[in-house]
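**Student:** Taken in order, the sequence shown gives residues 29 to 197; the numbers are from the numbering used here. The C-beta atom is built at its ideal place from N, Cα and C for all residues, glycine as well. Because the structure is a prediction, the values reported are computed rather than measured.
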Amino acid sequence: MKVLLRTAGIINESIVDGPGIRLVVFAQGCSHNCAGCHNPHTHSYDSGELMEIDAILNAVRNNPLLDGITLSGGDPFEQAAACALLAGEVKKLGLNVITYTGYTYEQLLDLAVQREGYEELLKNTDLLIDGPFVLKEKNLLLRFRGSENQRIIDMNRTRSEGRLVLAEL
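1. Within 10 angstroms of its Cβ, does residue 142 collect 16 or more other Cβ (buried), or is it exposed?
2. As a quick exercise: from 154, 109, 171 and 188, pick the residue whose alpha carbon is nearest that of residue 32.
3. Residue 177: which of 139, 130 and 183 sits nearest, CA to CA?
4. Quick one: grab the DSSP three-state call for residue 120.
5. Is it true that the stretch 43-52 meets the stretch 72-83, where meeting means three or more beta-carbon pairs spaced less than 8 Å apart?
6. Just curious, the beta strand (DSSP E) that residue 36 is in, first and last residue?
7. I'd like the span of the alpha helix (DSSP H) that includes residue 98, first residue to last.
8. Using a beta-carbon distance below 8 Å, is residue 132 in contact with chain C?
9. So the candidates are 89, 133 and 146; which of them puts its Cα closest to the Cα of residue 113?
10. Alpha carbon to alpha carbon, what distance is there between residue 190 and residue 72?
11. I think residue 67 touches residue 101, with their Cβ atoms under 8 Å apart; what is that distance to the nearest whole Å?
12. Please confirm whether residue 162 and residue 123 have their CB atoms less than 8 Å apart.
Dropping the structure here:
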């Protein structure tokens, strides 16, 4: 079965979208519309390009330098089922997954009850950078995030300890 993901673009190797060398998938579509967003061209649900998950996985398999992938956007949770499938396959390759979202972790837990793929995407995410970009809290010195309110959550420890655990990077 062919699974499609609407993307705004892909960066084959990045060192600024999480630790290590990462393939970055920019999901197309975002309802947050944060003032000062770094990627406002990703907000529209009608733009971008439909890509097969298998094509993205082939790019991952063909680059032995990668530590993992980063799902950015837009908001990957707007296409949670397809992103969850991609993330799960990347995990099977022994790589890690970072997911950016404008939702907070707490909002995602609430939405996971009613929205397809949310729970699976959270399950297949190693680091979650959560929260909307807040222009008043913009800080260019932060690692892997744009504003002070955004958190980098260690999802593996959060799951194992049963409480929210921030990543120590």
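**Tutor:** Reading from the atomic positions:
1. Looking up residue 142 in the sequence shown gives position 114. Under this definition residue 142 is an exposed residue.
2. Counting from one through the sequence shown, the residue named residue 32 turns up at place 4. Of 154, 109, 171 and 188, the residue nearest in Cα terms is 109.
3. Here residue 177 is taken as the residue at index 149 of the sequence shown, counted from 1. Ranking 139, 130 and 183 by Cα distance to residue 177 puts 130 first.
4. Indexing the sequence shown from 1 puts residue 120 at position 92. Per DSSP, reduced to three states, the secondary structure at residue 120 is helical.
5. no
6. Indexing the sequence shown from 1 puts residue 36 at position 8. That run of the beta strand (DSSP E) goes 32-42.
7. For the purposes of this step, residue 98 is taken as residue 70 along the sequence shown, with counting starting at 1. Here residue 98 belongs to no alpha helix (DSSP H); instead the beta strand (DSSP E) covers 96-101.
8. Although the question refers to chain C, the structure presented lacks it and comprises just one protein chain.
9. Translated into the one-based positions of the sequence shown, residue 113 becomes position 85. Of 89, 133 and 146, the residue nearest in Cα terms is 146.
10. Locating residue 72 in the sequence shown gives position 44, where the first residue counts as 1. Locating residue 190 in the sequence shown gives position 162, where the first residue counts as 1. If I take the Cα positions, the gap works out to 36 Å.
11. Residue mapping note: residue 67 aligns to position 39 of the sequence shown, counting from 1. Residue mapping note: residue 101 aligns to position 73 of the sequence shown, counting from 1. About 7 Å; that satisfies the 8 Å criterion.
12. For the purposes of this step, residue 162 is taken as residue 134 along the sequence shown, with counting starting at 1. For the purposes of this step, residue 123 is taken as residue 95 along the sequence shown, with counting starting at 1. No.
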